[in-house]
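With the UniProt record's numbering, letter number 4 in the sequence shown gets 4, and the count goes up by one each step, no holes. We put the CB at the ideal spot given by N, CA and C, even for glycine. The model shown is predicted, which means the values in this text are computed figures rather than measured ones.
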Amino acid sequence: MLDYDALSTELRKLRDNVAGVTDTIIAAVDGIPIIADSAETIDPAKISALAAADLGIARQAAEVIGLGTLSQTVVFSSRGYMAVYAIGRMALMVVLGDKGLNVGRLLHESRPVIERISSILTS
Numbered sequence: 001m002l003d004y005d006a007l008s009t010e011l012r013k014l015r016d017n018v019a020g021v022t023d024t025i026i027a028a029v030d031g032i033p034i035i036a037d038s039a040e041t042i043d044p045a046k047i048s049a050l051a052a053a054d055l056g057i058a059r060q061a062a063e064v065i066g067l068g069t070l071s072q073t074v075v076f077s078s079r080g081y082m083a084v085y086a087i088g089r090m091a092l093m094v095v096l097g098d099k100g101l102n103v104g105r106l107l108h109e110s111r112p113v114i115e116r117i118s119s120i121l122t123s
């Protein structure tokens, strides 16, 4: 049985520890949402599907150019950011942030969160 409370706690901790994080979603690599900590204006199914496509294309690019295993992609836009993190080969995490997002802090804080989420998903 998947521990949704533990996943939710990890998403909340990331939001609390990184200024500018507005929404977070964990999804399967096929784009099916598992859990979301997001505003009502965000559709987790649409974001998960987009993130799965983004991750898939980025993985292919990393393999073709020989740069090793992909860990994340970040979309920089005029009003914010979308970061997509690989959680092994089976899941992904999406982090949305406003233009005040501290991207360096996000990069630093996300690694241990990804490891803990991976453990939760595989237990």
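- Leaving out five residues before and five after ILE120 in sequence, what residues of the same chain have Cβ atoms less than 8 Å from its Cβ? LEU2, ASP3, ALA6, LEU7, GLU10
- Closest residue to ILE26 among LEU92, GLY56, LYS13 (Cα-Cα distance): LEU92
- Item | Beta-carbon spacing of ALA83, LEU70 below 7 Å | no
- Name the DSSP bridge partner or partners of LEU92? ALA27, ALA86
- Item | Between the CA atoms of VAL103 and ASP16 - distance to the nearest angstrom | 14 Å
- How should VAL64 be labelled, buried or exposed, when 16 other C-beta atoms within 10 angstroms of its C-beta is the threshold for buried? exposed
- Same chain only: Cβ atoms within 8 Å of LYS13, ignoring 5 sequence neighbours per side: VAL113
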